[in-house]
Amino acid sequence: MGIHATEVTAEHGRGRTADSEDAPLLQVKDLHVEFRTRDGLAKAVNGVNYSVRAGETLAILGESGSGKSVSSQAVMGILDSPPGFVTGGEIVFKDQDLLKLSSEQRRKIRGTQMAMIFQDALSSLNPVHTVGTQLGEMFRVHRGTSKAEAKKKAVELMERVGIPAAKERVNQYPHQFSGGMRQRIMIAMALALEPDLIIADEPTTALDVTVQAQVMELLADLQREYNMGLILITHDLGVVADVADKIAVMYAGRIVETAPVHELYKRPAHPYTRGLLDSIPRLDQKGQELYAIKGLPPNLLRIPSGCAFNPRCPMAQEICRSEVPPLHAVTEADGAPIEGRGSACHFWKETIHG
Amino acid sequence: MGRYVIRRLLQMIPVFIGTTFIIFAMVHALGDPVAALFGDKAPDPAVAAQIRQQLGLNDPLIVQYGNYMKGIFTGDLGTTFSGQPVTELLKTAYPTTLKLTLVAFTFEVIIGIGLGVISGMRRGKLADTGVMVMTLIVISIPTFVIGYVLQYLFGVKWGIADATVPEGAPIQSLILPGIVLASVSLAYVARLTRTTIAENSKADYVRTAVAKGLPRRRVVTHHLLRNSLIPVITFLGTDLGALMGGALVTERIFNIHGVGYYLYQGILRQNTPTVVGFVTVLVIVFLLANLLVDLLYAVLDPRIRYA
Ligand SMILES: Nc1ncnc2c1ncn2[C@@H]1O[C@H](COP(=O)(O)OP(=O)(O)OP(=O)(O)O)[C@@H](O)[C@H]1O
Ligand code: SF4
Ligand SMILES: [Mg+2]
């Protein structure tokens, strides 16, 4: 009886909020991005799929050059174009395909409904304007707020992200802040208009290790408070473990494995993910030589046929060189489905269970 | 900032003394001014000796220089050999040259930056290529050639502008000379602006401005231009001195009675007080312009603070 009752409420819930709650906030479908450069066609993103719900954190992981930034720039609509072009796919944000909107419509979404935090806050903030001006600009441009009001909002924002003496410091320039404080200002700027989605592209990579944790914690707190969707791009597996709900691992412009965060750490279903995990230094293996994935990331002008990882993969077979592995649904050994898991490997079964 | 200005002003003193002395010595090395006074005719040796005595030309160079400097600090820049106070000449010459320089500077700023922005924003497009080719041509042709050609075309052949500038140098007659004087600097400004715009448009903070959802116009004016113009303005400041130097050439082409005219006369007659007086003022203007640029630089770029 109890079970029945739950099902009914669930049904009701679904009926009422089908669009707002169940549908993901952002759904990227089969996204393709290429760069038309003098050297040729660099296929930076080759059919990426992922989704983020409100309040959820998706971590995107992968080596340098795997297309993490490019795919998120395509979502934001700030791709460097030319040479970059979105050549296929859909970016469904709040039930509309962003790729079908005019550039003016997309501009109005940026900053108000989705915002981005960049890696290097020093170069990402304008050196010749005070932080107050740059924060206030969000309100002035998108909300038509007066100058005085915008400044007041800027001070409030700075206080909210934990910058001491915000009233005085609002008139200072970015170079007068420490790295951690600058990144807090970047976060404040992204947060200004309370967007539904924040994309953070390696927000802590440029910071001291001691500050990294604080900034990450702030970001996670704010995300919870505002129930925002968060895409966290990183190549640091250590950072994501605490904050992410799920992880997408990228390789050569493709997502090769998706999994809830603890699942992925416990038992990876893709040889590349396993390689990444094995190359994290661990306390219990002190003194042993660190594992490293052999070889280099592929040249995007000439991506290997079949599975792009095959030249570096310890498990590669003949089929890996000829057939591109689709994203298989990963299941338990007995065939029971595992929520949210997928692996683009012909031998995912062997990898996870064998 | 105040202390910085004072230090800079103090630093100017040795520079000032050094440059004036070098000019003083150079004009002396040109030859005997008394002989030049008589033109082609050989002067009566007795008369020449007397004039030399009167003008103090027999004293050692350093003593002459000392006397001259003493004069400067009492506002006396000496008299020409014909008896006119040099300050009088300065008063008639400098306003004309300054007017010409300002006209040229205005063209340099407006057209130079304008072309640079257009070309930097449309890199590789037709407008950009056009600007690049035009500026290259202007840079590679000597100014006086451009000057004479434009003078002939606009002033003589088509009669659109004054071929020579009348007495008093009214502004409208300075437009053509102003363009000629500005031409090379203008070309450099356009190219420099293009480069900094192109560089800065890839900068992270421009990407941030776009990600903030700012309209393109605001991204360009508030973020891209503001930063790109810092090196351009520095160049403009240092170029102000070069522009005044160039004015001397332009003045000859268009027969403008400015600094160039009097300086030229002074050199021809080896008239030390005139030459040194004019150049001294040029040096002061140049030094002050440089100081102004440095201060402006600090205002434009908050990362620079002078202590
Ligand atoms: N402006 C550009 N012009 C040409 N190619 C580009 C450009 N931006 C990115 N690329 C290409 O796209 C590929 C993916 O770049 P991306 O910045 O997404 O990598 P990433 O995964 O974010 O790496 P990292 O960890 O170093 O930030 C790069 O290898 C590069 O070749
Ligand atoms: S498909 Fe083959 S090459 Fe690719 S990861 Fe799996 S085993 Fe390795
Ligand atoms: Mg990146």
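Protein chains in written order, with the working numbering: chain W, 79 to 432; chain V, 3 to 309. Beta carbons are placed, not taken as given, at the ideal position from N, Cα and C, and that holds for glycine.
Its Cα nearest to that of V/Glu169, the residue V/Thr99 stands out among V/Gly68, V/Thr99 and V/Thr282. If one requires a minimum length of 4 residues, the alpha helix (DSSP H) runs lying completely within the segment 284-361 of chain W are 287-304, 315-321, 339-344 and 349-356, in chain order.
Annotation: the continuous alpha helix (DSSP H) that includes W/Glu246 extends over Ala244 to Arg247.
A distance criterion of 7 Å places the beta-carbon of V/Lys204 beyond contact range of ligand 3, judged by its closest non-hydrogen atom. Burial state of W/Phe217 is buried, judged by a 10 Å Cβ sphere holding 16 or more other Cβ atoms. Around the CB of W/Phe255, 16 or more other CB atoms lie within 10 Å, so the residue is classed as buried.
W/Asp279 has its Cβ nearer than 7 Å to a heavy atom of ligand 3. Exposure of V/Arg218 is indicated by the presence of fewer than 16 other C-beta atoms within 10 angstroms of its C-beta. Every alpha helix (DSSP H) of 4 residues or more that sits fully in the segment 143-183 of chain W is shown, in chain order, as 146-154.
Inter-segment contact for the segment 203-221 of chain V and the segment 194-208 of chain W is present: three or more beta-carbon pairs are separated by less than 8 Å.
Residue range Leu104 to Thr115 is occupied by the beta strand (DSSP E) that includes W/Lys107. Ranked by how close their Cα comes to the Cα of W/Ile263, the residues W/Leu213, W/Arg221, W/Val287 and W/Asp279 have W/Leu213 in first place.
Interface annotation, W/Glu303: not in contact with chain V, CB-CB separation never under 8 Å. For V/Thr81, the CB contacts under 8 Å within the same chain, skipping 5 residues up- and downstream, are Pro87, Val88 and Pro275 in chain order. Taking C-beta separations shorter than 7 Å and ignoring five residues to either side along the sequence, the partners of W/Lys121 in its chain run Glu112, Gly331, Leu378 and Ile381, following chain order. W/His340 counts as exposed, since fewer than 16 other C-beta atoms from the protein chains shown sit within 10 angstroms of its C-beta. A Cβ closer than 5 Å to some heavy atom of ligand 2 marks a residue here, and those residues are W/Pro349, W/Cys385, W/Phe387, W/Asn388, W/Cys391, W/Met393, W/Ala394, W/Cys398, W/Pro403, W/Cys423, W/His424 and W/Phe425. If you check the C-beta of W/Ser142 against ligand 1, you find a heavy atom less than 7 Å away. In this structure, the beta-carbon distance from W/Gln250 to W/Val209 falls below 8 Å. At a cut-off of 8 Å between C-beta atoms, V/Val212 counts as an interface residue with respect to chain W.
Contact fails between the segment 165-183 of chain W and the segment 218-237 of chain W, because fewer than three Cβ pairs, one in each stretch, are under 8 Å apart. Residue nearest to W/Pro102 within the set W/Val148, W/Gly125 and W/Phe171 is W/Phe171 (criterion: CA-CA distance). At the C-beta level, W/Leu235 and W/Ala270 come within 8 Å of one another. Interface residue (Cβ-Cβ distance to chain V less than 8 Å): W/Asn204 is classified as such. Per DSSP, V/Ile162 is not a residue of any alpha helix (DSSP H), being assigned neither H nor E. Taking the C-beta atoms as reference points, W/Gly167 is found no nearer than 8 Å to W/Tyr329. In summary, the residues of the segment 205-234 of chain V whose CB is separated from some CB of chain W by less than 9 Å are Ala205, Asp206, Tyr207, Val208, Arg209, Thr210, Ala211, Val212, Ala213, Lys214, Gly215, Leu216, Pro217, Arg218, Arg220, His224, His225, Arg228, Asn229 and Ile232, in the order they occur in the chain. A direct Cα-Cα distance of roughly 20 Å separates W/Ala291 from W/Leu355. In the DSSP assignment, W/Arg221 falls outside any beta strand (DSSP E) and lies within the alpha helix (DSSP H) extending over Val209 to Arg221. Taking V/Pro233 as the centre and dropping the five residues before and after it, the same chain places the C-beta of Leu194 and Thr198 closer than 8 Å to its C-beta, in chain order. Put simply, the CB of V/Leu242 is far from chain W, with every gap to its CB atoms at 8 Å or more.
One finds Val206 in chain W with Cβ atoms closer than 8 Å to the Cβ of V/Leu302, taken in chain order. Exclusion of the five residues before and after W/Ser144 leaves Met328, Tyr329, Ala330, Gly331 and Pro375 as the residues of its chain whose Cβ lies within less than 8 Å of its Cβ.
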